[in-house]
Each structure stands twice: as C-alpha cells, then as structure tokens.
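For the sequence shown, the positions run 24 to 93 when my numbering is used.
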Amino acid sequence: MLNSLYPNEKLTMEKAEERFMKENRPTSIIQRLIRPEEIAHFVTYLSSPLSSAINGSALRIDGGLVHSVF
C-alpha cells in the first residue's frame, strides 16, 4: 500500500522553516521559528536575579505572532 509519494528534493531545515513560515505563520514578526536556545536563554533570565521585578506575569515567547483577521 502506498500512502504518499514525495519528490526527491533536498529539503534543509532552513528551507523547511521558510516553507512553514510562508504557508502557516505569515504574521510572525521575526519570520522564523524560535530556536530552543532562545527559550533556554529566556528561562535562564527568568530564573536569575535580573528578573526580580517580574512577578506573576504570563510571558509569551512566540516570535511576535500578530493575530489578524486578514
């Protein structure tokens, strides 16, 4: 049984990300996926004394996704 057939193309992570952003996330301000190390840096910051003034906030790390009806 054949479930799917894909063309023989060299799809790099960069090309896959570019295609995903073009087709699914056109409203992202940074126009790319968030890298794991960016999330790690954010968590490190929140766990450090530098973030002592942040309290009880729900902070989003979404690449600046802008919701729109268009």
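Note that beta-carbon positions come from the ideal geometry of N, C-alpha and C, so glycine has one too.
Assigned with DSSP and collapsed to three states, S71 falls in coil, not helix or strand.
As computed with DSSP, S80 is found in no beta bridge at all. With distances taken between CA atoms, M36 lies nearest to L56 out of S70, A63, L56. Ranked by how close their Cα comes to the Cα of D85, the residues R42, P59, E41 have P59 in first place. The alpha-carbon of L73 is positioned some 32 Å away from that of E40.
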